[in-house]
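Novice:
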Amino acid sequence: MIVSLIVKNILTLGILLLFGFQLSSAYTLKFNEAGKFKIVQLTDIHLGYDDEKDQKSLNVISTVLDHEKPDLVFITGDAVSGYLWDDQEQNFYASKYQKMAELLTKYQIPWALTAGNHDSEGDLTRDQISEFDRSFALSLTQQKIPELSHTFNYQLPVYDKNGESVLFRIWTVDSGEGDGCPDGFGYDCVRNDQIDWMRQELNQLPDEDPSKRRGILFMHIPIQEYMNLYNDENIYGEDGEYICCQSVNTGLFQLIQETNAVDWISSGHDHDNDYYGQYKGINMAYGRKTGYGQYGPNKLLRGARVFEISINNEYDVKTWIRQEDGSIDYQKKLSQKPFLSFSQEYCCEEIVQQQLYNFKYTIVFLIGMGYFLIDSLLQRRRQRSNFHKEKLSIMQSQVPSQQQETNSNQNISESNVTILL
Ligand SMILES: [Zn+2]
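Going by our numbering, the sequence shown opens with residue 758, and the numbers climb by one from there.
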C-alpha cells in the first residue's frame, strides 16, 4: 500500500513539473530580498483520532499558513498518533499523514520532518515514515544516515538571496521513541553517536563560516537543560506541565555550547508547555501544540510557533505564536511559575515519583525525629519527677532527726537552767 501511495506521489510530482513548478528552487532554501527567512513549527498534530478532529487540525494549519506564508514548515513530531492503529487497518499512518502533506503541497510550502515518540507506534517504522514523507515532492526531509541511531538526523542550509553562501542552518537530531535510552528510565534520548555525527559535521565548517552560531535545532523530546531554563531563568509563555525530557543527558547542549552550532533549540512533546527563554546563551523553546488529537494545550488555543530570521543589518531571530483564530500570542514573561514552587530536577513523572519517594522518607524522618524528641522530653520529665520524689523523700526522712535535734537542744537548755537555778 505504501508503494502505491509513493507511486501516486511521484505522479503528483510529474503533474507539478508539467505545470511548471520549479522543484530546484523549492529545494534551495534562501533568504528573501528583505533578508528574511520564516519557519513555521508544527508540532504534536496527532492525526488519526477521527475525521472531524483531523479536519480541525488541518484547519489550524491552514489558518497559520494563510497568515504567515512561511518559507519552510518544520514538523517536530507526533504528526500521527501511531498508537491508534488497531493492528488491522491497511495503510493507517500513510493515509493520515497524506492529508497533511497534501495540504502543505496545496500551499506549495516545502517542509521537513522529525518524528515524535508516538509516530512509530503504529503500522510504520521510523525509516518507513521517513521514506513515505520523502516521496512527496516538497518534502526536504533527508534520508537516514545508515550507521546512526534513530532516523531523522540531518541539516538544511539556508542560503543568501543569490543562493551563494550559507547564512543559517536548520538541524534536527532524532530524539527517538518511548524508551530505549541506555541507562535511562523514561523517554528515549539523542544517542552519543548522533552527537558525534553533529560534531563531525560542525568540524567540517571553517571558523569563519557565516552560519556559525546562526541556526536552529529542532527535535521532539526536549533535552534536560529545559529544566535549568525553567528553574533558573526568565521564561516567556505558558508553563502547564512538568518537562518530560530525554531520560539521559547525553551532552547535546554541551556540544552546542562548545561549537557555537546554533543559537536556538525548539522542541515539542509537552503539549501544555509553549514557553521560551535563554539559558547559558542558548535560546530554548517549545512549539505550540497544533492538532486536536490527544491532550492539551490546556487554557491555550492551538497554533504554531513562528521563527523569523533576519540577516540584513543585524542578525536577529524573532518568535511568536500564530493561533488557530488567526491572532498572535507574543508571549509575556511568566511572572510567577505556578506549577512548581520548587525546582524540577527529574524528567516528567520521574519527578513525581522521586518527590513522593523523598516525601515518604521525609515523613519517616520527621516521625522518627518527633518520636525521639517526645521520648527524650518524657525521659527528662520522668527523671525530673524521680529527682523531685527522691528529694522529697530525703527531705521527709530528714524531718524527724531535726525534731530530735530540737528536742535534745531543748533538754540541754532545760538542764542548763536547772544548773543555773
Ligand atoms: Zn504529542
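Virtual Cβ for every residue (Gly too), placed ideally from N, Cα, C.
Quick check on residue 825: buried or exposed, where buried means 16 or more other Cβ atoms within 10 Å of its Cβ?
Specialist: For the purposes of this step, residue 825 is identified with residue 68 of the sequence shown, where counting begins at 1. Its Cβ being crowded by 16 or more others within 10 Å, residue 825 is buried.
Novice: In the DSSP assignment, find the unbroken alpha helix (DSSP H) run with residue 861 in it and report its ends.
Specialist: Residue mapping note: residue 861 aligns to position 104 of the sequence shown, counting from 1. It spans 849-864 - the alpha helix (DSSP H) in which residue 861 sits, taken as one unbroken run.
Novice: Just checking residue 835 against ligand 1 - is the residue's beta carbon closer than 6 Å to any of the ligand's heavy atoms?
Specialist: Along the sequence shown, one-based indexing puts residue 835 at 78. Under cutoff, so the answer is yes.
Novice: Looking at ligand 1, does it come within less than 6 Å of residue 1029, judged from the CB to the closest heavy atom?
Specialist: For the purposes of this step, residue 1029 is identified with residue 272 of the sequence shown, where counting begins at 1. Checking the Cβ of residue 1029 against ligand 1 gives no.
Novice: Could you spell out the range, first to last residue, of the alpha helix (DSSP H) harbouring residue 951?
Specialist: By one-based count along the sequence shown, residue 951 stands at place 194. 949-960 is the extent of the alpha helix (DSSP H) around residue 951.
Novice: Does the pairing of the region 1040-1050 with the region 886-906 give three or more beta-carbon distances under 8 Å?
Specialist: Short answer: they don't touch.
Novice: Measuring only from the beta carbon, is residue 945 closer than 6 Å to any heavy atom that is part of ligand 3?
Specialist: Annotation note on ligand 3: not contained in the displayed structure, which lists ligand 1 as its ligands.
Novice: Using a Cβ-Cβ cut-off of 8 Å (strictly less than) and excluding sequence neighbours within five positions of residue 896, which residues of its own chain qualify?
Specialist: Sequence index remark: in the sequence shown, residue 896 carries index 139 (1-based). Answer for residue 896: 858, 867, 868, 869, 870 and 890, listed in chain order.
Novice: On a CA-only basis, which of 976, 1020 and 820 is nearest residue 1066? Give me that one, please.
Specialist: Mapped onto the sequence shown, residue 1066 falls at position 309. When only C-alpha atoms are compared, the closest one is 1020.
Novice: Closest to residue 967 by C-alpha separation, out of 832, 1027, 809 and 1017, would be which residue?
Specialist: As a working mapping, residue 967 is identified with position 210 in the sequence shown. For the residues 832, 1027, 809 and 1017, the minimum Cα distance to residue 967 belongs to 1017.
Novice: Quick check on DSSP: helix, strand or coil for residue 1009?
Specialist: Along the sequence shown, one-based indexing puts residue 1009 at 252. Helix.
Novice: Can you tell me whether residue 984 is helix, strand or coil according to DSSP?
Specialist: Counted from its first residue, the sequence shown places residue 984 at position 227. The answer is helix: DSSP assigns residue 984 an H, G or I state.
Novice: Check whether the Cβ atoms of residue 801 and residue 842 lie closer than 7 Å to each other.
Specialist: Translated into positions along the sequence shown, residue 801 becomes position 44. Translated into positions along the sequence shown, residue 842 becomes position 85. Not in contact: residue 801 and residue 842 (Cβ atoms no closer than 7 Å).
Novice: When the distance is taken between beta carbons, is residue 941 closer than 7 Å to residue 787?
Specialist: On the sequence shown, position 30 is the one that residue 787 refers to. On the sequence shown, position 184 is the one that residue 941 refers to. No; because the gap between Cβ atoms is not below 7 Å, this pair is not in contact.
Novice: Do three or more CB pairs link the region 991-1006 to the region 950-967 at distances below 8 Å?
Specialist: No: the two stretches stay apart, fewer than three of their Cβ pairs being nearer than 8 Å.
Novice: Check whether the region 1031-1038 and the region 802-810 touch, using three or more Cβ-Cβ pairs below 8 Å as the test.
Specialist: Contact between the region 1031-1038 and the region 802-810 is absent, because fewer than three Cβ pairs lie under 8 Å.
Novice: Quick one: any contact between the region 817-836 and the region 967-982, if contact means 3 or more CB pairs under 8 Å?
Specialist: A contact exists between the region 817-836 and the region 967-982.
Novice: Assign residue 1024 to one of three DSSP states: helix, strand, or coil.
Specialist: As a first step, residue 1024 must be located in the sequence shown, where it is residue number 267. Three-state result, residue 1024: strand.
Novice: Does ligand 1 have a heavy atom nearer than 6 Å to the CB of residue 801?
Specialist: Taking the first residue of the sequence shown as 1, we reach residue 801 at position 44. Under cutoff, so the answer is yes.
Novice: Note down the Cα distance separating residue 1055 from residue 798, rounded to an integer number of angstroms.
Specialist: The residue labelled residue 1055 in the question sits at position 298 within the sequence shown. The residue labelled residue 798 in the question sits at position 41 within the sequence shown. Distance between the alpha carbons of residue 1055 and residue 798 is about 19 Å.
Novice: Drop a sphere of 10 angstroms on the beta-carbon of residue 1076, count the other beta-carbons inside from all chains shown, and report buried for 16 or more, exposed for fewer.
Specialist: Taking the first residue of the sequence shown as 1, we reach residue 1076 at position 319. The residue in question, residue 1076, is buried, as its Cβ has 16 or more Cβ neighbours within 10 Å.
Novice: Which word fits residue 1169, buried or exposed, when buried means at least 16 other C-beta atoms lie within 10 angstroms of its C-beta?
Specialist: In the sequence shown, residue 1169 corresponds to position 412, counting from 1. With a pLDDT of 43 at residue 1169, under the threshold of 50, the modelled position of this residue cannot be trusted, and the question is left open.
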